[in-house]
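For the record, the sequence lines run as chains U and F. Here the first sequence is numbered in the numbering used here, starting from 848 and rising by one per residue. Here the second sequence is numbered in the numbering used here, starting from 69 and rising by one per residue. We put the CB at the ideal spot given by N, CA and C, even for glycine. No experiment lies behind these values; they were computed from the predicted model shown. Down below is the structure, laid out as structure tokens.
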Amino acid sequence: MKIVAKRPESLTETRYHYCPGCTHGIIHRVVAECMDELNIREQTIGICPVGCAVMAYKYFNCDMIEAAHGRAPAIATGLKRTQPDNVIFTYQGDGDLASIGMAEIVHASARGENITVVFVNNAIYGMTGGQMAPTTLLGQVTSTSPYGRKIEQEGYPIRMAELLAQNEGSSYISRVAVNKPANVAKAKKSLKKAFNNQINKKGFSMVEILSTCPTNWGMNPLDALEWLEDKMIPYYPLGEFKVKED
Amino acid sequence: MSKVLMKGNEALGEGALIAGCRSYFGYPITPSSEIAEYMAKKLPKLGGAFVQAESEVSAINMVYGASSAGKRVMTASSGPGISLKQEGISFLAEGELPSVIVNISRGGPGLGGIQPAQSDYFQATRGGGHGDYHIMVLAPASVQDMMDFAIEGFELADRYRIPVMLMAEGTLGQMMEPIIVREPVTDFYDKSWATTGCKGREPNIINTLHLPQDEIENRNIYLANKYKEIKANEKRAETFMTEDAELVVVAFGLMFRIVKRAVIEARKQGVKVGLIRPITLWPFPDEHIKKAAETAKRFLSIEISMGQMVEDIRLAVNGKVPVDFYGRIGMTPNPEEITQQLLLVAEKEGA
Ligand SMILES: Cc1ncc(C[n+]2csc(CCOP(=O)(O)OP(=O)(O)O)c2C)c(N)n1
Ligand code: SF4
């Protein structure tokens, strides 16, 4: 029998705890496939967020560190500065990266830390039960914006890819989505570029990945994929925002 | 071994380098900044890592990263900055990540002042961050101690896989004294737990999350047992003329040196007074206190605070004899002022 697809070596056999239809799982898989294809599993150290991916250390088959909420880029800095030959990635949600950890991510990027950031934007706080995130869309109903996010009350959603692309220290910044196979393929390509960037010592890379949270969006998984396409992509356009030339 | 004249903060930095510390992450604050400046100057030449972080919150997490890789790593700050580091210290304690955290302390609460103080005693010895944990706390009393305790701090941190705090008053950081430059200690510590890439082994995980109820309880029991072991092995204190003392004074750090002169003076005036200097603030040297309480009639805690260590002394004497307190803050009392206090307390019944 010909094997057409198998579990990447960079993933353990532990079953995910994610909700049905949640795209965190797809993102784990493409990150792991990149690690396999680049043959970096044995030199990689991943840093987990606080959020739904808090237990990512059980899923990635490499050295892993659990971080306090938002602090992963600082931990990555301490690690990379003392272990420059390791490949370091952080895996962070939008609450983690764009809210409580805003200072850490902006400064890691400004310093041009040679790390790879996997930023999962699902426009909501998943783990704590669907509260508003800095990336929650205008009008979007969440448990702490029950009348829909309003500019006067909560201000505007933050576009992290565009924001960090402004930093001279950023070397590669992109936004991708995992709502359909073609986009997943593009996401993988972009992640691979971000890892390669680090391997070639080019500096800070971040891939923002638009992801779904069917549970807290109150939708079935298929509707969630459509909502991502119809509502998120218009506000969070896909593409590469910074590709530093040598 | 060479004798040199050094500033406290620099001696501490040099001690860290002697101990093999090659990474430093910090954010400036008076009166600790010379430590960052010293490390910024020295570390690049030694192939080490120095980063001025965007905040103390980041600095302590950079420490977390470097320590996860098994490196000897240090950060330093003062009161308000140490408050910000508490989140990270709680995580370091639970992750069992060895590290040295320096508090060149000043007066608080709030922004307070930059005058030397010992009023971060509670914060240092009671955990400070969330959860059921302790860190070790050493209190230097001289510039020589600043170097020696930095070296010792790294040893203790690795031996017990625990964060170690050095807490010194701002004055100690700023003053110069001649010191003997120490030799490094070369103990080997197993760091097979470190996250350095899993080549040739199973992946290592540094984790502080424990969702199952039995797991979190077992984890806390494990840590409590470690703290018990540290309490059994590492309580340190220095005593001075306590053998026949009727009045026993307890003072640490810079205050110890001032009180020592006052004790000598009071003895000349016929008062039977002795002195205990806690060197480890956690674990607190309660046995030294208990032993003195067998013969002493009265205790006096002298602190540069409104009275914090006095609670630990009271716990140790357990109601056996009265414990008085005298403290100043923003002001460091001179030996004459302390002598007056000793004479006053000695006149009280029981001493
Ligand atoms: C200091 C701190 N504050 C708050 C929390 C509670 N908390 C846990 S997860 C989370 C939100 C995570 O949302 P996000 O980063 O968007 O990730 P997601 O769960 O959506 O994947 C919050 C606020 C915490 N654990 N620590
Ligand atoms: S709560 Fe949302 S983000 Fe979290 S696992 Fe469930 S679907 Fe995914």
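Residue i CB to nearest heavy atom of ligand 1 below 7 angstroms
{"i": "Y972 (chain U)", "result": "yes"}
{"i": "P1061 (chain U)", "result": "no"}
{"i": "N77 (chain F)", "result": "no"}
{"i": "H916 (chain U)", "result": "yes"}
{"i": "A900 (chain U)", "result": "yes"}
{"i": "D943 (chain U)", "result": "yes"}
{"i": "V253 (chain F)", "result": "no"}
{"i": "P896 (chain U)", "result": "yes"}
{"i": "A921 (chain U)", "result": "no"}
{"i": "T989 (chain U)", "result": "no"}
{"i": "A980 (chain U)", "result": "yes"}
{"i": "G940 (chain U)", "result": "yes"}
{"i": "T975 (chain U)", "result": "yes"}
Any non-hydrogen atom of ligand 2 closer than 7 angstroms to residue i Cβ
{"i": "Y865 (chain U)", "result": "yes"}
{"i": "H278 (chain F)", "result": "no"}
{"i": "H871 (chain U)", "result": "yes"}
{"i": "N969 (chain U)", "result": "yes"}
Environment of residue i [buried if 16+ CB atoms lie within 10 Å]
{"i": "N286 (chain F)", "result": "exposed"}
{"i": "N402 (chain F)", "result": "exposed"}
{"i": "F320 (chain F)", "result": "buried"}
{"i": "Q1000 (chain U)", "result": "exposed"}
{"i": "G176 (chain F)", "result": "buried"}
{"i": "H871 (chain U)", "result": "buried"}
{"i": "V19 (chain F)", "result": "Only positions 69 to 419 of chain F appear in this structure, which leaves residue 19 (chain F) out of reach."}
{"i": "R90 (chain F)", "result": "buried"}
{"i": "K1035 (chain U)", "result": "buried"}
{"i": "H198 (chain F)", "result": "exposed"}
{"i": "P867 (chain U)", "result": "exposed"}
{"i": "Y201 (chain F)", "result": "buried"}
{"i": "D1093 (chain U)", "result": "exposed"}
{"i": "Q186 (chain F)", "result": "buried"}
{"i": "P280 (chain F)", "result": "exposed"}
{"i": "T929 (chain U)", "result": "buried"}
{"i": "Y95 (chain F)", "result": "buried"}
{"i": "P855 (chain U)", "result": "buried"}
{"i": "N301 (chain F)", "result": "exposed"}
{"i": "T861 (chain U)", "result": "exposed"}
{"i": "I850 (chain U)", "result": "exposed"}
{"i": "N293 (chain F)", "result": "exposed"}
Closer than 7 angstroms: residue i CB and nearest ligand 4 heavy atom
{"i": "I947 (chain U)", "result": "Questions concerning ligand 4 fall outside what the structure shown contains, since the ligands it does hold are ligand 1 and ligand 2."}
- [ ] Name, going along the chain, the residues of the segment 107–121 of chain F whose beta-carbon falls closer than 8 angstroms to a beta-carbon of chain U.
- [x] A117, V119 and A121
- [ ] Compile a chain-ordered list of the residues in the segment 923–941 of chain U whose CB is closer than 7 angstroms to at least one CB of chain F.
- [x] A923, T924, G925, L926, R928, T929, Q930 and N933
TODO: Decide yes or no for the touch test of the segment 963–983 of chain U against the segment 937–947 of chain U: beta carbon pairs closer than 8 angstroms, at least 3 of them.
DONE: yes
Open item on the list: For the segment 352–374 of chain F, list every residue whose C-beta sits within 9 angstroms of some C-beta in chain U, in sequence order.
Closed with: none
Open item on the list: With three or more beta-carbon pairs closer than 8 angstroms as the criterion, would you say the segment 126–133 of chain F touches the segment 908–927 of chain U?
Closed with: yes
- [ ] Return the residues of the segment 971–982 of chain U that lie within a Cβ-Cβ distance of less than 7 angstroms from chain F, sorted by chain order.
- [x] none
TODO: Check each residue of the segment 273–296 of chain F: if its Cβ is closer than 9 angstroms to any Cβ of chain U, include it; give the result in chain order.
DONE: I273, I274, N275, T276, L277 and L279
Open item on the list: I want to know whether the segment 979–986 of chain U touches the segment 952–961 of chain U - three or more CB-CB distances under 8 angstroms.
Closed with: no
Task: Residues of the segment 122–133 of chain F with Cβ closer than 9 angstroms to any Cβ of chain U, in chain order - done: E122, S123, V125, S126, A127, I128, N129, M130, V131, Y132 and G133
TODO: Would you list, in chain order, the members of the segment 260–271 of chain F that have their beta-carbon closer than 7 angstroms to a beta-carbon of chain U?
DONE: T263, T264, G265, C266, K267 and P271
Open item on the list: What are the residues in the segment 92–104 of chain F lying within 9 angstroms of chain U by C-beta distance?
Closed with: F93
- [ ] Determine, using beta-carbon pairs with one atom in the segment 153–171 of chain F and one in the segment 302–319 of chain F, whether at least three such pairs fall under 8 angstroms.
- [x] no
Open item on the list: Runs of 4 residues minimum, wholly inside the segment 94–181 of chain F: which ones carry the alpha helix (DSSP H) assignment?
Closed with: 101–110, 124–136 and 147–163
Open item on the list: Within 8 angstroms, do at least three Cβ pairs link the segment 110–128 of chain F to the segment 238–258 of chain F?
Closed with: no
TODO: State whether the segment 94–105 of chain F contacts the segment 75–82 of chain F, with contact taken as three or more CB pairs (one from each stretch) at a distance under 8 angstroms.
DONE: yes
Open item on the list: For the pair the segment 261–280 of chain F and the segment 879–891 of chain U, tell me if three or more CB-CB distances fall below 8 angstroms.
Closed with: yes
- [ ] List in chain order: all unbroken beta strand (DSSP E) runs of 3+ residues lying wholly within the segment 988–1047 of chain U.
- [x] 1017–1024
Task: Short-range partners of chain U found in the segment 152–168 of chain F, where Cβ spacing is below 9 angstroms - done: E155, G156, S158, F159 and G163
- [ ] At 3 residues or longer, and completely inside the segment 182–230 of chain F: list those beta strand (DSSP E) runs for me, N to C.
- [x] 204–206
Open item on the list: Please give the ranges of any alpha helix (DSSP H) in the segment 912–956 of chain U, keeping only runs that are unbroken, at least 4 residues long and fully inside the region.
Closed with: 919–929
Task: Stretch-stretch touch, CB-based, cutoff 8 angstroms, three pairs: the segment 1060–1068 of chain U with the segment 911–919 of chain U - done: no
Task: Inter-stretch contact (C-beta, 8 angstroms, three-pair minimum) for the segment 227–234 of chain F and the segment 203–214 of chain F - done: yes
Open item on the list: Extract the residue ranges of the beta strand (DSSP E) inside the segment 275–353 of chain F, only unbroken runs of 3 or more that lie entirely within it.
Closed with: 305–308, 315–318, 341–346 and 348–350
- [ ] Examine the Cβ distances between the segment 315–329 of chain F and the segment 368–376 of chain F and report whether three or more of them are shorter than 8 angstroms.
- [x] yes
TODO: At 3 residues or longer, and completely inside the segment 852–906 of chain U: list those beta strand (DSSP E) runs for me, N to C.
DONE: 891–895
Task: the segment 288–307 of chain F / the segment 344–355 of chain F touching (three or more Cβ pairs under 8 angstroms) - done: yes
Task: Contacting positions in the segment 1005–1026 of chain U - beta carbon closer than 7 angstroms to chain F - done: none
- [ ] May I ask you to verify whether the segment 1050–1066 of chain U touches the segment 1017–1029 of chain U, counting CB pairs closer than 8 angstroms and requiring at least 3?
- [x] yes
Open item on the list: Tell me which residues of the segment 383–402 of chain F have at least one Cβ-Cβ distance to chain U shorter than 9 angstroms, keeping chain order.
Closed with: none
- [ ] Check each residue of the segment 132–151 of chain F: if its Cβ is closer than 8 angstroms to any Cβ of chain U, include it; give the result in chain order.
- [x] Y132, G133, A134, S135, S136, A137, K139 and V141
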